[in-house]
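Colleague:
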Amino acid sequence: MNNTQSTFLEESFRWYGPTDPVPLAYIRQAGATALFTSLHQIPYGELWPREAIRERKAAVEAAGLKWTAVESVPVHEDIKTGRGDLKTLFRNYRETLGHLAAEGISTVVYNFMPVLDWIRTDLRYVLPDGSECLRFDPSQFAAFELFALQRPGAEADYTAEQLERGARWWRGLDEDARAAFVQNVIDVFPGCKMGLTLEGMRAMLARYSHLNNDGLVHNLARFHEAVIPTAEAVGVRLAIHPDDPPFSVLGLPRIVSTAADVQALLQRVDSPANGLCFCTGSFSARPANDLVAMVKQFAPRIHAVHLRSTQRLPDGSFYEADHLAGSVDMAAVVRALLDEQDRRRAEGRADWRLPFRPDHGHTMMDDLAKPAPANPGYSCIGRARGLAELRGLMHGLRHAERAGRPALPPAQAHPHSTHMRPEKQLHHTRPLPSVAGRVERAAL
Ligand SMILES: [Mn+2]
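Residues in the sequence shown are numbered consecutively from 22, following our numbering.
(1) Got a sec? Which residues, its chain only, sit under 7 Å from residue 356 by beta carbon, not counting five neighbours each side?
(2) Does the beta-carbon of residue 180 have 16 or more other beta-carbons within 10 angstroms, so that it is buried, or is it exposed?
(3) Just list the alpha helix (DSSP H) runs in the region 315–389, keeping only unbroken ones of 4 residues or longer that don't cross its boundaries, in chain order.
(4) Please state whether the Cβ-Cβ distance between residue 299 and residue 267 is less than 8 Å.
(5) Bridge partners for residue 300 per DSSP, in chain order?
(6) DSSP state of residue 33, grouped into three classes?
(7) Return yes when the C-beta of residue 138 is under 7 Å from any heavy atom of ligand 2, and no when it is not.
(8) Please list, in chain order, all residues of the same chain as residue 391 whose beta carbon is under 8 Å from its beta carbon, the five residues on each side excluded.
(9) Would DSSP call residue 153 helix, strand or coil?
(10) Tell me the residue span of the beta strand (DSSP E) that contains residue 53.
(11) Between residue 134 and residue 282, is the Cβ-Cβ spacing less than 8 Å?
(12) Return yes when the Cβ of residue 96 is within less than 8 Å of the Cβ of residue 131, no when it is not.
(13) Does the Cβ-Cβ distance between residue 248 and residue 370 come in under 8 Å?
(14) Beta carbon of residue 380: closer than 7 Å to some heavy atom of ligand 1?
(15) In chain order, what are the residue ranges of uninterrupted beta strand (DSSP E) at least 3 long that sit wholly in the region 38–87?
(16) Measure the Cβ-Cβ separation of residue 351 and residue 328 and say whether it is below 8 Å.
(17) Looking only at DSSP bridge pairs, what is residue 90 linked to?
(18) Is residue 141 buried or exposed, if buried means 16 or more other CB atoms sit within 10 Å of its CB?
(19) Determine the direct distance from the alpha carbon of residue 30 to that of residue 254, and round the result to whole angstroms.
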C-alpha cells in the first residue's frame, strides 16, 4: 500500500468464514486489507461467545487481514414481528455487541428486512460478454407469487402488463425449470441455507399479517431503544443495511428504502451509534433515490459502505451492472465518501476511515466453470475486478484532487486493532445537522 492508498476508503471483501470457497489468501491477492464477516454458524438470536469471536479474529489476522466489520449480527424474526421472548433476544444482542467490542470489533452491519434477506428472480443472468449476474424481474416475481406461492391478493401489486408477461413466461417453463426458479427465490439467505419451503415461507409471511409499515417501524424503534445505548456505551457503531430491493415485495412492509426512511430512523434514536451501511446497489434500484445527495445528507452516520451498481430497465426490472457502470454515478458517490473521510480526519478522529467492500460481482472467467456458487453474487474474480476498478477510481480522484486543490498529508497506517474508547470516538461524530435542528426545535 502506498501513501495515497492509505487515504482511500478501507478496501474490504466479504468472507463467509472457513466454508467460503474463496480463501483468505485470494482475498489478500485481490488487494483487500480487511474483511466483512460473520459467525454464520451461530443461529439467529443466540449469544456470540467471546471465544468464538476471538478465534475468528485470530484466523483473519493470521492471514494478514483485519476483521473490520461484522456482517451481520442478524436480527431474529421475533424482533421484527414483535412476538416471542424479546427480553432474551435483546439481552443476547447487547451482550454480543459487548463481546465484539471487547475483541476490538466496532462496526456491526444488520438489516431489518422481513422474511427474506434479499430477492432476485435470476441468479445467472447472462450479459453480452458472457459473464453472469443477478437480476430482478417483477414479471417473473409476479409469476412466483401467483403460481408458486399463491399469495392471496398478490395481483394487486402488479400492473396488467407485468401479470400478463409473467404468466406467459411461467407457461414456457417445464417442471424442473419451475422448481429451480422457486428454489432460487426462497433460498438466498446470505451465508445460511435455511431449508425453507413454500409452505415454510407462507408460515413466515403469515407472521407479518398483522404488521404494516408503521408496525415494523415501531418494532425497529423498540430494537434500537434496547440495543443502541449499549452500542454507544461499548463503542460499537451499528449500521443498518437498506432493503433489497428498496420497495415492497410479497405484500411485506419496507422501512429502509428511501432517504425519508433513513432520516426518520436515525432521528428516532438519535445516537452516533445508530448509523447506516450505505449500499449503493440496494438504494440504486429505486429511481427516485439520489445517491450522492443521500451520502451527503447522512455522511456523519455512514459507518460501512457497499459499492455496486444496478442497471434499471424500462419494464421495472434491474440487473447488477459492472461496478463503474449502470445507474449509479460511482465517481460522485466515492468522491462524497472520501470527502466525509477527510472531514473526519480534519476533526482529529482516530476512526476516520470508512470500510467498503465491492458488493457482489459477476461470475466470469474461470469462475464460470466452477460449481454454482453457494453464495450467489460472491464470486472471486468478479468481485476482485470490482475492487480493482474501485481502487483505480480512488487513485484517479485523489490524483485529480492533488492537481486541483491542497491535499491532506499521507495518513498513518490504520492501527491493526480497532478497539475504541467510546468517549473519545463516538462523541466526535456530529449528529446530522437536520436532526440536531429538529431536536433543538422540539426542545424549545
Ligand atoms: Mn449491500
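All C-beta atoms, glycine included, are put in the ideal place defined by N, C-alpha and C.
Modeller: Taking the structure as given:
(1) 418
(2) exposed
(3) 351–367
(4) no
(5) 327
(6) strand
(7) With respect to ligand 2, the structure offers nothing, as its ligand set consists of ligand 1.
(8) 42
(9) strand
(10) From DSSP, residue 53 is part of no beta strand (DSSP E); its letter is neither H nor E.
(11) no
(12) yes
(13) no
(14) yes
(15) 55–58
(16) yes
(17) 57
(18) buried
(19) 26 Å
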